Each structure stands twice: as C-alpha cells, then as structure tokens.
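Working notes, structure below.
Protein chains: 4
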Amino acid sequence: MTLTPALTTQLKAWRRDFHKYAEPGWTEFRTTSAIIAVLRDLGWDTVYGPELHDADSRLGVPDAEVLAGERDRAVSQGADPELVEAMGDGFTGVLGMLETGRPGPVVCFRFDIDSNDLVELADETHRPFAEGFASANEGAMHGCGHDGHAAIGLGLATRLSQLKDELSGRVKIIFQPAEEGVRGAHSIVAAGWFDDVDLFVATHLKSDDEKGNVLTGSDGYLASTKLDVTFTGVGSHAGGDPEKGRNALLAAASATLNLHAIPRHSAGASRINVGTFHAGEGRNVVPRAATLRVETRGQSSKINEFMFERAQDVIAGAARMYDVDVESTVVGKADQESPSPELLPYIRTCFEGVDGVAEISDTGGLGGSEDATAMMKRVKERGGLATYVQIGMDTSWGHHTERFDVDEDMLAVGVEAEAKIALGAGEFLTGLGR
Amino acid sequence: MTLTPALTTQLKAWRRDFHKYAEPGWTEFRTTSAIIAVLRDLGWDTVYGPELHDADSRLGVPDAEVLAGERDRAVSQGADPELVEAMGDGFTGVLGMLETGRPGPVVCFRFDIDSNDLVELADETHRPFAEGFASANEGAMHGCGHDGHAAIGLGLATRLSQLKDELSGRVKIIFQPAEEGVRGAHSIVAAGWFDDVDLFVATHLKSDDEKGNVLTGSDGYLASTKLDVTFTGVGSHAGGDPEKGRNALLAAASATLNLHAIPRHSAGASRINVGTFHAGEGRNVVPRAATLRVETRGQSSKINEFMFERAQDVIAGAARMYDVDVESTVVGKADQESPSPELLPYIRTCFEGVDGVAEISDTGGLGGSEDATAMMKRVKERGGLATYVQIGMDTSWGHHTERFDVDEDMLAVGVEAEAKIALGAGEFLTGLGR
Amino acid sequence: MTLTPALTTQLKAWRRDFHKYAEPGWTEFRTTSAIIAVLRDLGWDTVYGPELHDADSRLGVPDAEVLAGERDRAVSQGADPELVEAMGDGFTGVLGMLETGRPGPVVCFRFDIDSNDLVELADETHRPFAEGFASANEGAMHGCGHDGHAAIGLGLATRLSQLKDELSGRVKIIFQPAEEGVRGAHSIVAAGWFDDVDLFVATHLKSDDEKGNVLTGSDGYLASTKLDVTFTGVGSHAGGDPEKGRNALLAAASATLNLHAIPRHSAGASRINVGTFHAGEGRNVVPRAATLRVETRGQSSKINEFMFERAQDVIAGAARMYDVDVESTVVGKADQESPSPELLPYIRTCFEGVDGVAEISDTGGLGGSEDATAMMKRVKERGGLATYVQIGMDTSWGHHTERFDVDEDMLAVGVEAEAKIALGAGEFLTGLGR
Amino acid sequence: MTLTPALTTQLKAWRRDFHKYAEPGWTEFRTTSAIIAVLRDLGWDTVYGPELHDADSRLGVPDAEVLAGERDRAVSQGADPELVEAMGDGFTGVLGMLETGRPGPVVCFRFDIDSNDLVELADETHRPFAEGFASANEGAMHGCGHDGHAAIGLGLATRLSQLKDELSGRVKIIFQPAEEGVRGAHSIVAAGWFDDVDLFVATHLKSDDEKGNVLTGSDGYLASTKLDVTFTGVGSHAGGDPEKGRNALLAAASATLNLHAIPRHSAGASRINVGTFHAGEGRNVVPRAATLRVETRGQSSKINEFMFERAQDVIAGAARMYDVDVESTVVGKADQESPSPELLPYIRTCFEGVDGVAEISDTGGLGGSEDATAMMKRVKERGGLATYVQIGMDTSWGHHTERFDVDEDMLAVGVEAEAKIALGAGEFLTGLGR
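First to last, the sequence lines map onto chains V, D, C and U. First residue of the first sequence? That's 1 in UniProt numbering, and the numbers climb one at a time after it. First residue of the second sequence? That's 1 in UniProt numbering, and the numbers climb one at a time after it. First residue of the third sequence? That's 1 in UniProt numbering, and the numbers climb one at a time after it. First residue of the fourth sequence? That's 1 in UniProt numbering, and the numbers climb one at a time after it.
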C-alpha cells in the first residue's frame, strides 16, 4: 500500500501552490476555494461558509475592511468568486465528508491551512525563493508547515477515494482556518461538527527533529488565552498641560510589568507574555492610547485560567491607576487536552512499516499551544478517542522563522499512515468494545 | 522696653526643660502640664483637654495603648496627674487667654510644642548633651525648635501680664500640639477658637539663616496631605504555594512607582514622597501586609488636591491589580495660605529696634508645610489679618537633624517684638479702619 | 506706512501655497525652493544647502531613503530640481541677506518653515479644505502656523526691498527648517550665521488669544532635550523558551515608569514625557526590540540638564536590568533663553500704531519649547539683543490640531511692524550707546 | 526491638526542654550545650565550635553584638559557660561520633536544631502553653519540629550506645545549626565531615499528613538562594530639595517589581520572592536606605542559578537607575539533590514493622528548600548513598505557624527505625557490592 507517483507529485504541487499564495487566519479565501475544488472533483460532500461556523464563537476575526481587501486579492489570485462570496466575512475553511453507506465509525482528520505574519526570506539558499514558489503576499508566509498539512489533507482525501470500497462508516476531513493565534477551531466545534466523531486525529509536521520520527500522542501543548488590550486616556500637551492628560502609555507600561509579575503556580508550568506594545501619538503629547497583545499559558487549563484571571486584575488595576478606560478582548484560546492513551498503540501500528518512518514514540511535544485541543476535548467528552500526531523533519530552521521550509518527503508519510488509520478504524474500535 | 534679666534667664530654663522632656505629637502631656502651671500662676484663663479640640477633626493620633504609656511616662517625669488625666487620649495643648476688660481686638499668637522622631546626638560638641539637657526620651527630640517656641510663648504671656494695664481687648496664646505631620491645628480651628481673632501671628525659629534676620510674612509653605496606606493581602508559602498568596508588598511597590509618576502640574510646584515602606513577614512568605507613609504637596491647595486625587487613583489601582484590600487614612493636612499683605508693615515696625534683630524682609520661606495655615485661613475668612513670622538663627545644622539646637538669644527677640504687636494692635487695626 | 494691496494679496497666496505643500522637518525641499526663487527675484543674496549648516550639528534628520523619496515628491510638486539637488540629504532652509552698503547694524529675523505630523481635517468647516488648499501630502500639515511665518518672511523681504534706500547695515532673514522637535536651529548657529547679529527677532503666530494682541518678549519657553531610545535584546518563543529571551519590551516599560518617577526640582518646573512606545514582533515572541520617543524639559537649562542626566541613569539601568543593549540618541534640543529686557520697549514702539494690533504686553508665553532660543543665546553671547515676538490670533483651535488655520489678517501686521524694526534699528542701538 | 519506657519518656523530656529554650540559627548555645552533655555521658566523641565549621563558609551569621547577647542569655538559661565560650561567635551545633572499632561503613544521621522567628501562641488550646513548655524566648519558637528532631537524635545516640556491640564501622550524628534560611550545612560540609560517609540519612517530622506515614526519599526540595539586598542613596527634604536625594526606596521598589518579572524557565519550576521590604526614615524625607530579603528557587540547581543571575542583573540595574549603591549578600543556599534510588528499599525495610508506622512511600515532598541537600550532594559525589526521610504527623497546623506542635508519638518511631538503619547498614552495603 504505497501512493502512486502521480499522487506523490501532486502532493508537492498542492503544497507549493498553497505556499505561494499564503493567507493569514480568516483570509484563506483562495486556499479554501482550491481545496473545495479538489474535494468536489473527488465527489466528497463539502461544508463551508457560515454553515461551518458558529458565528459568535469565532475569535480574532479581522475587520470588514481588511476582509474585503483580502477577498479581492484572493479572486485576483485565482479563487472562485462565487465561493469567496459564500465565505463572506471570513467564514473560511472547509469540511470534506465521505459517506461510505456502510455502517461504521465516524473518523475525523484535521489539517490547518493558514499562514503566519512573516516576511519570507528572499535568498537563493531558501528553496521556495530559489524555485519560484515563495509567498506572493508580502507579510504572509507559511512558516509553520500548514501548506504541507493542507496538501496531506488533500492527499488523504484522494487516497481514501481510491480505497472507498474498503472503507466503512464516515470520514470527515476538516481544513481549519486561523490556527495561528488559536482562533479557528472553536466556532467549528461550537457548530457541532465534532459531536459525532468516534476517532479524531490532528496532524502536524515538526521541524528540527530526526527525519521520519513520529510522535503518536503529542501531549505537550499548553492551554492558552490570547488577549488584545487597549487603554484609552486623554491626550494633552506634555509641556504645557501635563496634568490634563490621562496617560494610556503609562497605564500600559504599568500593566506590562505587573502582568509579568503574576506569581508562578505550584501545580505546573505557567507563562505570560506581553508580545507587542504600541502607544502614543507624538513625543510631546501625553499618550492617549496604548495597545498590548498579550498571551497567558498554563500546563493545565486551570493554571491558564489562573493566569488569565490575575491578568484581568492587573489590567483593570492599571486602568484604575491612571483613570483611563480599558478594553480587553479574547482573540484566541486553547485548552490543554491529552491524547486518549488507548488510541496510541493503534496509531503506532498504522505508522509502522510506512516508508520513511524512523522512530515512533508516544508522548512529548512542543511547549506551544494548539486549538485542535478544543476538537480533542469535544470528541473525548462525547466518548470518542482523540490524538495529535507529529511527523518529524530533519531541518535546521525552526517554526515561525523566515527560512522555514517543509521537507516534502514527509507528505506521503502522512497520507499513507492516515489512510491506514481510516481503513482499520472500525475493526480497532470494535476490538475495544466500542 | 526690654526684658528683665530674670525673664531672659527663665526663657532659657523653660526651653531646656522642654528640650529635655521632648514629647512627640499628641503626647505632650508633660509639656502641656508645665505650660498650664505657668499660665495659671500668671492668672491667665486656660482651655485644654477635650474642650480645646473638635474630637473628630484630630488627625494622626497614636493608638490608645501608646497614649496610655506616654501618660505614665509624663507623670513619672513630673506632669500633674490630674491634668494628664484631663487630657485623656491625646487631647494635648493649651490655649491661654488674657481678658483685659477693655474694648479692643482679639490678638492671637501660636506656638507649637511637639518634638520630632529623632535620636538626639550624644556628643560633647552638641550643647544639649554637653550641658545635660539632651532628650531623656529615646527617639523623641526637639529637632525643629518647638522647645524654643513654647518658651517664647510663656515669655510672651509673662511679659503681657507685666504690661496688662496697657493692653486692651483680649490676647490668646495657643500652645499647639502635633505640628509635625501637620496634624494638630485642624481640631482647634474646628472647635471655633479662631472664629473671633482679629490679628493672628504664628512664629518659627529658622536655622541656617543670618542671626537675627526676620521674615514678617513667610509665604513659601506648600499645601500638603499626609497619608498612611496599608495594603492587606493573603500570605502563603513562597516555595510551595505562590499562587495562593495575594501579594501586598508587590501592590505597595507598584503603587510607589506609579505615585512618583503622577504628572507635574503646569500651574506650579508639586511634590510626592513615599517616605517609608514596610512590608512582609519573612523571606519565604508571600507578603500579607505592607504599609506606606506618603505625602503630597502643592504650591497651591488646588495643586495639592490634584496630587492627592491622583494618588488615590494609583493606590486603588494597585490594590485592584493584586486583589488585595487597601486602607488609606489622612493623618495630616496643610493648606497653602498667604500672609495678609496689609499686616506686614506693622509687624516690621514691631521688630524694628528690638535688640538682636538684623535685616527684616517680607516674603520668602522654607518649602515645607505648616498647619498654622489652617488658622491663618480661618482668621482671614472671618475678616481678620494673619501672618507667619520667622526669626533667623545663624546655625550650621538644619531642622530635623540630630544635632539641631536653638540659638537661645533669639527667644527674647520673639518675646519683645510680639509683646509690641499685642500692645499696638488696637491702634493699628483702627488705623486701617477695621 | 502700510502694505500695498498687491503685497497683502501675495501674503495670502504664499501662505496658502506653503500650506498646500506642507513638508515636515528636513524635507522642506519645495518650500525652500519657492522661497529662494522669491528672494532671488528681489535681488537678495541667498545661502542654502550644506553652506547653511554645520553638518555634524544637525539633529533628528530622517534617513537617506526617506529623504530621497521626499526630494522626488518635491520636484513632482514644482520644486526646482537643481536646488533640490543642492539641498542634498536634507540641507533645507535658506538665509536671505540684504546688504545696504551703508554702515549700520546687522538685524536678523527668523521664520520657521516646516510642517507637523498631522492628518489635516477633511471637512467643509475647515477653510483650507473648503477652499482647496488643504495639505496634498498625507500625514503632513501646517498645524503650527509656519506657513504663515514663511509668508511673513517673504513679505518682510519684499517690503524691505521697497524700503532699501532708507535702510542701513545688513538685514538677514533666516527661513529655518525643522523647528518641530527643536532640531533645525543648532546647525545654522554652529555654522556661524548668528555671530555678527546685533538685533534678533523671532516671530510666532499664536492661536487662542485675542486677535491682534502682541507679546514683545515671550519668555515662557522651557529648555528641552528630545531623545530616541532603542533597546535591543534577544527574541525567543514565549511558550517554549521564555528563559532564552532578553526582553527589550520589559526594559522599555521599566524605563518608562521610572523616567516618569524622576523627582521634581525645587528650582522650578520640570517635565518628562515618554511620548511613544513601540515594541515587539508578535504576541508569542519574547520581544527583541523596543523604541521610545522621550523628551525632558526644564524651566532653566540647568533643570533640563538634571532631568536629562537622571533620564540617562534610568535608561542605562533598565538595560542593565534586562541584560539588553540600549542606544539613546539626542534628536532635538532647546535651551531656555530670555529676551533682552532693553530691547522690548523698542519692539513695543514698532508694533504700536500698526493696523490690527490690539494690546501689547512684554512677558508671558506658551510653556512649550523653541530652538530659536539657540539663536537668541548666541546673539546675546556676542553682545547683541534678542527677543521672541508673538502675534495673537482669535481662533478656537489650538496649535498642533487637525483643524488649525492661520488668521491671514495677521500676516500684514507682522510684515509692517518688523519692517519698522529693521528701519529704526540703527538709531535705536545707537541710542543705547551700542 | 522497641525502646525502653525510660527512653520514650526521656525523648519527650528532651523535646520539651528544647522547645522551651528555642534558639534561632547560629545562637543554639544552650541547645548545643545540652546535647554535648548527653553525648559525653554516653561516651561519644564530640566535635563542636570552630572545629566543626569552615569559618568562611558560614552563611547568614548574626552580628557580634547579637551573638554576645545570646551567649549571655544561654548561660542564664543553664548552658555550660565553658562550652558557650568555645562556640564563640556562633559556631554552634555538634557532631557526635561512635567508633565501634570493627570494620564497617560510616553511617551518618542529620538532625537540625534551630528554631523559627515566631511568637508562640499563648492560648490554652496550644499544648506547649497549657503544659508550661512554651518558648521562654520571645520571638523564637520551634515551629518546624527541630526540637523533635534534636530529641530523636539524642534518642538514637542512646539506643545505639545500648546496641554498641552489634554495630560495626562508625556512626556520626550531626546536630546541625541554622537550617532555617538554609545557612548551616555548608560550613560543616566544607570542613570535610561528610567526606567519608557511606550512608547518609536526614530526618524531618512532617505535619499535616497521615499519622505514621513515612516517605523514604523526599525529592521535592527546590534549589534556593537567599539574598539580602541593601540599597543606599542620599536623603534630602522631600518638600524642599527633592532633586538632591538619591531615592533608595524607589530603587528597591523597581527592583522588586522587576525581580518578580524574571521569566519562567522551560526546564522546570522556578520561584522568586521579595519577602520583606523595609525602607525610609520619615514621611517627608527622600529615603536614603532600603533593605530587601529575597529568595530564588529552582526545580534544579541550574534553574535556580538562572533565577539568581537574572536577579543580580535586576538589582544592579535598579541601583544604576537611581544612582544609588547596592550591596547584595548571599545569606543562605540550598542545592537540589535527589535521594539515591538504590537506598530507598533498604530504608523502607527498616521502617516496616516499627510500631506506629502507617503507609510507606518513596517519593514526594514539600516544595520548600533544605540545606541537607548539600550533605547529600557531598556524600553522593564521594560515592556514598543518601536520602531524606519524612515521618508524618496528623496535625491540623502547618509548619512555621504560631500553633505548631510536635506529635511526640513519632519520636520513638524515628529512633527505632534509624537504629535499624545503622545496625543493618554494613550488610546492606555489602549486598550492593560496595
């Protein structure tokens, strides 16, 4: 059971196309459009646009003006105008569904499709630049491998179509928008698309590892909350009327220091970061406005909640100190969720023997955060099994850097192993008495 | 019109006695007792104890336990037990009144009598130590000359008794407690003792000046508010349970920095000082309590009010940040108040020709704060005239230092000139058409 | 002695032309080019380009790329390409000189010509917009009246050419670049152009006053230093490797709070402002870089120096705290300088009787800062007399606001009165025995 | 093998005697004196005074004046004056050695003997108060059970003397001073007394557990450094001369906030605590001095070192900010050290079957810090085995609280089990091939 050369070639082509037209979270109009086209060709059902999302649960959506510009850009880069129209104000992403008609479990795979806010390296040593598929969209770049993830998802759909007669139950493949900033999973979960899933697998390519190493149950993700905080005071001339100002910059500076001073938690790791700070109108003006981008994290959701609550105290207190207004908005959120232990031996079996796989381990992880945990949580709550798989690449660069590049050999590994997961899922689950 | 040698000698004896038994604000039990005894001997009426003060307007009174200890101490140092009993919980100070029975103005003089929180220098170069009248009360020392002021007050009473037949109207001499920390004037004013005053003079000896220089209208005092702030949180083991604490020390540190960052005021000078900071129970405990002693100042009462209000914001915000309680108490307060310009030429005349007087000027001052301004304010509101006189001493030490000492030659200067003020007040005021 | 209707009309035309092509400091290529053209037509000598400035003394010059863009923009808006070329990397501004050939004093006038960083109001209630001369350069706007100042300068040159036969000595009119941020005066002074000046007058239109009020000796300017501060640390992933970062944002936040906590000065007013704060690369990255725009001020140059030195301590300490590098650059600077008192009666005489002048007073001012003080200082050091004149406009808007507009009636007032100053200077100075 | 009733009774008597005469670290003159007396009676060799310690390695020793007072106090409470004299400036503690003359391992036990800085509860519900053995020394109290530890140590010495003929090798019992603040172990280790130890056991009674639960290998201790930091600036009058001060309080407040903002470490738990903050001389004085008591901790010694180094940066930076001097002294220090895993089964065997023992577990711990780790580290470096045993008490109070009390039933448990450890050590180590 290996892939056809045509499919292997196609995987690279998809990945490079997505790489070239990198689109940040909630603006994946062209990427989604391209994926829908493939799924339709394969005869899969597709769910997209507002149907895919619970509108009120979407986090960190850009404003309408930005979205309008991005829709135009997407169409100019080949997106289907009708589909773009249907996606409206950022209802990007798509769910592909294959109904076998035979009784069996609902197996679901998740691939994220958005790009990062990075300026891609323009240098001959960087393959995407050298071979002409570097990002055409200034400031947007696939620096986390989601271009590869999307390609694996399409490869998997193709492969499963080939194997359709051997499958039973239903397969869902979710192409998720806006994973960066942990924004895009919640509204899809809230719309109910994970309520019937029996077995769930999220997939990530991992740089800076041994090539072909596989982690069947990544459990190192931290719960996290992403917060935009804007202080608004009153400006005044710093020389002539200093006492008339209400200094938003000082409120933000004070908040920043005290946010970082939130105590450690005895139950496990915690994190706080004020990542960006922009304030002030001019050197000689008491600053009227200040904006912070903040994140909290915790080894458990409870620890993250502790960090978040204390952060709210600090932010409210800083505003009180300087008699300024403050608005604090949650723009992203991820729970901590562990893989189902009983699922991991099965995942291991499916990766074993796949060409290109080296060592397989069961636990470990990155220390970052992931909103696929929201999907895992829902699946587990409903009695299903869930895990998060990492496929290692031997690369010298890290994620979220300007020279990130995917090891395209690994795309086929993901497709093959995950096709096996889908094929054997019914028998595996029955064996567990489920 | 000069003083008798006996009175000159007595002035020094009084001053040294007060110096030796230095008593901080609201504990001047022995000092008050001694003053009452002299006034009674002179035949003056005396008002003291709760009658002298509006009880609710007293600021910064020590707690009952401290006062009880001080009462015992005072009696053991020779205070009249009955008088001490009458002064109860810190109702110290006394108002002496001389009723001439002849129509005329109410002329009032104010002398403060409390000591500072200083450990007096134990060194042969320091005259009080060398000559055996250094403070017997550890940690209490007359470092601002109030021992001298009290002596001038008694000298003035003595001299006016001698001149009684030449006087008309009524003379009031107020021996005020608790000037340090600007605490003691308000309750006496609130009790109404200044409501009938036509001409008011407060007096201060000024170190580090030319000997005998006189300032008839000190106008450099800043409005000020004194504030005790206590943050109360929750302690916890800093190693085992850091997240369970609510850190009062961090709240206080954050308040401190942001208090000092309150903006300058375009209308004039402002000040802020967190003078003391005491917090924490042990190195390995998240601190449960923190106490700050704070003061704000302003060149005008309005500027001081701005500082005070912003300070309240900062303090409330710091408590909110760390989810701790805070109690903030005003323990002292002084307005800015200017001398009556029309009074100054008269004061100048009275000092002219007095033996020991050098140059006389009309405006200037110290940059500190004074609660005699509350008396000046009330007198002026009621249509009277008021000023604040400084008598210069050529000393190398500053006020509030451990080696402060009074130039006793200046005591007689104050007595003589102010006796002249009382004597001529009726004619002067009539001349103004009052 | 009133202006011709043609000149009055021309004043408005010049002013509106400058207003429309607003140019920020060191990019006044078109404005300078237009001024040179007029001066040449009048037959004045002109000094411009590198000859006008001591290159090393220029402060706060934009980088080469910005300047290149602005040169292109200026030429496209009608500037003389040859002159623009001659001005090179921001050597803008021009000195016009009229040599009478007759013995007499050197009289110098200063007008500043740069615009502010403002987006002009696009609203029919705003005359420049309604009448079609609003700024064509987005983000640049004459919000401080320098368009009017430049017009007065050209009007004065025109008028003095008309009166050439009555003049003696030499007249200099300096059209100064980059007054905003107090950057442009120093390099002109350092080049020696003020070393021979006997009488110096700087001029400013003042909004929010009574129409036609004149202030002959504005003395309210504060000494000031403008500082750009950049902290550079080490970025790292805030979730995965927080300990590997060196946090430039926290260093900047800590610097900011402690800068504002620099103590007040007992000798007079002081100011500190961190006007802008920009830091960080992304929410989940420990911030590598942070930039602050800071200013200090003082009622005297000594107080400003105190603020500046303490600011340097705070900045160095903040960098030390977070083990990050810091670079701190002075980008602007103004001394405090008072008008020559003996000059003011003469200035008053010259304004008296000019049509449109209301009340004339001698002292007062704005509370801002001005680098014309550097010129005043040099002139006074060399034995000359100097002052700073304000001409009041009854407008409802303040300086540096998006709806600022000049009362064009006042342009002629300035021209007439200052022509009289030039005409009578010889006699006045002789009368003083100079 | 159970204890005699006499010994059981004596254990309580010893413990209560030590409790009554509680002595803080480096002042255990009476306690040491009493222990030496018992050891001498048993015929053990004793090492004490300067011979026991490497003088330069002692941390956090009180000053000479305090020690002199404590020596007098100890003698007045029954200490042997000769021994107290020998202990000089705080060379407290004693090492008892029993030489069997038979070949065999060196087995060492450690008991700490110092008290805490607590005011003991004066309440009938508190047994020490009710039964008359509450601390006679105000502010000193055995709130961590070291009174019980010392009693176990003497009981063990007594029991081993009874069993002397069955023992081989050498037994060392170290009665360590100054464990609170992790100060006392280092100088004993540095003096070489642990260089020959083959098997080491430290013992602690643990409150708030199930009665009789035993932990054979407490591994939860954090590495820690204790730091006293004193900032020294320049005082000045806050109203009159604010600019002349160099504000030590603000430097300390800024240090405090930024110390708490030191980043988390990805390799494990870290801690920081500014536990106490004392600063300032008076409300109206710019504070001249400020003192902080600080501690850092880390799950590994490397993490603690990271915290300590960053803390040094912050402290130096804060001093630089305010142009004040700073002195930072290490007054305590503990490494992280894990028990030897191969030793734990043996310890378990020795506790099994002892009357009063409930459940036995092998790992866990408190989250605090311990300087016995320095002893464990040295023993392991030299090839020996080491562990830290906890014996549970079912008490409602926590360690370091004013109502702490020892469950005296547990004293015999420690003596019996540890006597077994000494008896079987030779055989056990031989079995391991050592």
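The beta-carbon is built from N, C-alpha and C at its ideal position, and this holds for glycine as well. Nothing here was measured: the structure is a model prediction, and the numbers come from that model.
So with CB distances below 9 Å, who are the chain D contacts of S270(C)? R264
Cβ of G356(D) within 8 Å of Cβ of A412(D)? yes
The beta strand (DSSP E) with S328(V) in it runs from where to where? D325 to A334
Give a yes or no on whether the minimum CB-CB distance between S254(C) and chain U is below 8 Å. At least one chain U Cβ lies under 8 Å of S254(C).
Rounded straight-line distance, which links the Cα of R58(U) to that of K172(U): 21 Å
Taking Cβ-Cβ distances shorter than 7 Å, what residues in chain V pair up with L7(D)? Under the 7 Å cutoff, chain V gives no residues; its nearest Cβ is about 52 Å from L7(D).
Buried or exposed: which applies to R297(D), given that a residue is buried once 16 or more other Cβ atoms fall within 10 Å of its Cβ? buried
Could you pull the DSSP bridge partners for G139(D) from this structure? In DSSP, G139(D) forms no bridge with anything.
For F277(V), does the three-state DSSP call read helix, strand or coil? Note: F277(V) maps to strand in three-state DSSP.
Alpha carbons only, please: which of L160(D), P24(D), I360(D) and N284(D) is nearest the one belonging to G96(D)? L160(D)
Unbroken stretches of the alpha helix (DSSP H), 4 residues or longer, contained in the segment 30-67 of chain U: Whole alpha helix (DSSP H) segments, 4+ residues: zero.
Host beta strand (DSSP E) of A289(U) (start-end): A289 to G298
If you measure beta-carbon to beta-carbon, which residues of the segment 166-189 of chain D are closer than 9 Å to chain V? none
Close beta carbons around H399(D), own chain, < 6 Å, minus the five adjacent residues each side: C144 and S207
So which residues on chain D does A261(C) lean against when the C-beta distance must stay under 7 Å? L257, H260 and A261
Please state if the CB of N137(U) and the CB of K224(U) are separated by a distance shorter than 8 Å. Note that residue 224(U) corresponds to Ser in the displayed sequence, not to Lys. No. Outside cutoff.
Looking at L167(V) and T100(V), is the spacing between their C-beta atoms short of 8 Å? When the beta-carbon positions are compared, T100(V) and L167(V) come within less than 8 Å of each other.
Inter-residue CB distance, V197(C) and C108(C) (contact presumed, cutoff 8 Å): 4 Å
Collapsed DSSP secondary structure at K12(C) in the structure displayed: helix
Interface residues of chain V facing G240(D) [CB-CB closer than 8 Å]: S266
Report back the beta-carbon spacing between R320(C) and A316(U) to the nearest angstrom; my notes put them in contact at under 8 Å. 6 Å
Can you tell me whether R378(C) is helix, strand or coil according to DSSP? helix
Starting from D112(V), trace the beta strand (DSSP E) in both directions and tell me its first and last residue. Run containing D112(V): V106 to D112, per the beta strand (DSSP E) assignment.
I'd like to know if L342(V) contacts chain D, where contact means its C-beta is closer than 8 Å to some C-beta of that chain. One point to set straight first is that residue 342(V) is Glu, not Leu, in the sequence displayed. No, E342(V) does not count as interfacial toward chain D.
Going by the CB atoms, is the gap between Y48(U) and A202(U) shorter than 8 Å? Cβ distance not < 8 Å, so A202(U) and Y48(U) don't count as in contact.
Taking DSSP as the reference, what is the three-state secondary structure of A151(D)? helix
Does the beta carbon of V119(D) come closer than 8 Å to any beta carbon on chain V? no
What number of angstroms, rounded off, separates the C-alpha of G364(D) from the C-alpha of T216(D)? Roughly 9 Å separates the two Cα atoms.
Verify whether the separation of the beta carbon atoms of Q336(V) and S361(V) is less than 8 Å. Contact flag unset, no.
How far does the beta strand (DSSP E) with H204(U) in it extend, from its first residue to its last? L199 to K206
Which residues in chain D sit within 9 Å of residue 437(V), going by Cβ to Cβ distance? Nothing in the structure corresponds to residue 437(V), since chain V is present only between 1 and 434.
The beta strand (DSSP E) that contains T395(D), what's its start and end? Counted as a single uninterrupted DSSP element, the stretch harbouring T395(D) is not any beta strand (DSSP E), since DSSP gives it neither H nor E.
Check the Cβ-Cβ distances between H278(V) and every residue of chain C, and say whether any is below 8 Å. At least one chain C Cβ lies under 8 Å of H278(V).
In the DSSP assignment, the beta strand (DSSP E) including K244(C) goes from what residue to what residue? Element bounds for K244(C): n/a, residue is neither H nor E.
Note down the Cα distance separating G78(V) from S33(V), rounded to an integer number of angstroms. Distance between the alpha carbons of G78(V) and S33(V): 9 Å.
N-terminal and C-terminal residue of the alpha helix (DSSP H) that A318(U) is part of: S301 to Y322
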